[in-house]
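In what follows, a structure is listed as structure tokens, so that the remarks can point back to it.
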Amino acid sequence: MPATLARRRKLVYREMKTLKNILCLTLLLLASCQPNSSQNNASLKEETGTVHPSKEHRQADVLAKDTLNAVQDEVVRKPTVGTTPDFEVFFEKFKRTAEQQDTKEFNSCIDPKTGLYIIDAPGAVPRFTYLKDISRYEHPHTQERAFSITKGIFRNCDLEAVQTLPTLTCQGDDDNFARRGCFVADAVAFRESEAPKFAGLSTQEENNAAQTQLLVNKTVLHTKSGFKFHFGRIKGNWRVLFIDLTVPCSA
Numbered sequence: 087m088p089a090t091l092a093r094r095r096k097l098v099y100r101e102m103k104t105l106k107n108i109l110c111l112t113l114l115l116l117a118s119c120q121p122n123s124s125q126n127n128a129s130l131k132e133e134t135g136t137v138h139p140s141k142e143h144r145q146a147d148v149l150a151k152d153t154l155n156a157v158q159d160e161v162v163r164k165p166t167v168g169t170t171p172d173f174e175v176f177f178e179k180f181k182r183t184a185e186q187q188d189t190k191e192f193n194s195c196i197d198p199k200t201g202l203y204i205i206d207a208p209g210a211v212p213r214f215t216y217l218k219d220i221s222r223y224e225h226p227h228t229q230e231r232a233f234s235i236t237k238g239i240f241r242n243c244d245l246e247a248v249q250t251l252p253t254l255t256c257q258g259d260d261d262n263f264a265r266r267g268c269f270v271a272d273a274v275a276f277r278e279s280e281a282p283k284f285a286g287l288s289t290q291e292e293n294n295a296a297q298t299q300l301l302v303n304k305t306v307l308h309t310k311s312g313f314k315f316h317f318g319r320i321k322g323n324w325r326v327l328f329i330d331l332t333v334p335c336s337a
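Okay, structure coming up:
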């Protein structure tokens with residue numbers, strides 16, 4: 087009986103020793119896993135670090151593109167002084183066809199989709215006539231055609247580029263403007279004009295005229311007649327968009 091008890095004690099001692107060894111081994115394993123955890127955290131930080139710069143680069147690229155677009159828009163909107171060679175060529179053709187009263191060639195200066203508005207003032211309010219064929223225009227009072235009204239005004243029309251067009255003085259005869267001649271300037275004043283609102287147009291016609299106004303880039307003023315010609319680029323081609331035959335200082 088004592089021998090059996092001794093054997094049991096030895097067995098229990100061995101089991102406890104085994105458990106102790108297992109516990110030590112477990113602690114060692116846990117201790118060895120801790121650096122791996124730190125390494126994983128470092129790896130995660132590194133991975134996170136590689137993501138953030140990429141995101142920042144994308145944001146920087148977007149900001150750079152937005153800034154570039156804004157600058158380009160500002161350049162487009164900024165009024166420019168002077169004429170470009172392609173506009174000079176176009177205007178020479180425009181003058182020649184008007185002087186020669188060449189309907190076909192003149193109509194090629196009108197955009198086939200946007201058309202042309204001729205402005206006159208038969209009464210107290212302006213009148214807008216929309217057309218795509220210059221031969222269809224007729225003055226409401228005199229029944230004159232457009233070529234008859236503008237005949238001869240371009241013979242000595244040598245364009246002078248200015249920042250702003252000469253101001254109206256109404257001194258009489260050929261002195262209705264502060265300067266005499268043919269002048270070209272950015273059309274910012276005409277783009278901001280609200281004349282279509284007072285022309286008795288339908289809502290749709292008024293909107294169409296207002297939208298066409300925004301396409302105008304240059305205005306040419308002939309001071310002797312007081313007529314103004316407004317031009318714009320449509321799909322890369324210069325077109326005449328408005329002709330203002332209103333006689334200043336006539337009221």
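Read in order, the letters of the sequence shown correspond to residues 87 to 337 in the numbering used here.
Glycine residues also receive a C-beta, built at the ideal position from the N, C-alpha and C atoms.
Exposed or buried, what is residue i when buried is set at 16 or more other beta-carbons lying within 10 Å of its beta-carbon?
i: Lys190; result: exposed
i: Ala271; result: buried
i: Asn303; result: buried
i: Val333; result: exposed
i: Thr253; result: exposed
i: Lys199; result: exposed
i: Arg222; result: exposed
i: Gln299; result: buried
i: Ala275; result: exposed
i: Gly318; result: buried
i: Thr170; result: exposed
i: Val175; result: exposed
i: Ala232; result: buried
i: Ala210; result: exposed
i: Ser183; result: According to the sequence as given, residue 183 is Thr; it is not Ser. By the neighbour-count rule (16 or more Cβ atoms within 10 Å), Thr183 is buried.
Which same chain residues, not among the five before or five after residue i, have their C-beta less than 8 Å away from its C-beta?
i: His227; result: Pro208
i: Glu230; result: Glu224
i: Arg241; result: Glu185
i: Leu287; result: Phe214, Ala295
i: Lys218; result: Asn193, Ile196, Pro198, Gly201, Leu202
i: Asn262; result: Leu254, Thr255, Cys256, Thr309, Gly312, Pro334, Cys335
i: Leu301; result: Thr200, Gly318, Arg319, Ile320, Leu327
i: Gly238; result: Glu185
Which residues does DSSP list as the beta-bridge partners of residue i?
i: Leu307; result: Phe269, Lys314
i: Thr215; result: Ile204
i: Val302; result: Gly318
i: Leu254; result: Phe263
Please go through the same chain and pick out, in chain order, the residues whose beta-carbon is closer than 7 Å to the beta-carbon of residue i, but skip the five residues on each side of it.
i: Ile267; result: The amino acid occupying residue 267 in the given sequence is Gly; Ile does not appear at that position. Correct list, in chain order: Glu246, Thr309.
i: Ile235; result: His225, Leu331
i: Glu292; result: Pro282, Lys283
i: Ala264; result: Pro252, Thr253, Thr255
i: Cys243; result: Lys181, Cys268, His308
i: Gln187; result: Phe233
Over the uninterrupted alpha helix (DSSP H) stretch that includes residue i, give me the two end residues.
i: Phe173; result: 171-186
i: Thr236; result: 232-236
i: Thr189; result: 189-193
i: Phe276; result: 274-277
What are the start and end residues of the beta strand (DSSP E) that includes residue i?
i: Asn323; result: 323-330
i: Ala247; result: 245-247
Enumerate in chain order the residues of its own chain whose CB-to-CB distance from residue i is below 6 Å, with the five nearest sequence positions on each side excluded.
i: Ala150; result: Reliability of the predicted coordinates at Ala150 is poor, the pLDDT of 46 falling under 50, and no value is obtained from them.
i: Pro212; result: Ile205, Ala281, Ala285
i: Leu307; result: Leu251, Phe269, Lys314
i: Phe328; result: Tyr203, His316
i: Tyr216; result: Gly201, Tyr203
i: Asn122; result: Here the model assigns Asn122 a pLDDT of 47, short of 50, so the residue's position is not dependable, and the following value carries that caveat. There are no such residues.
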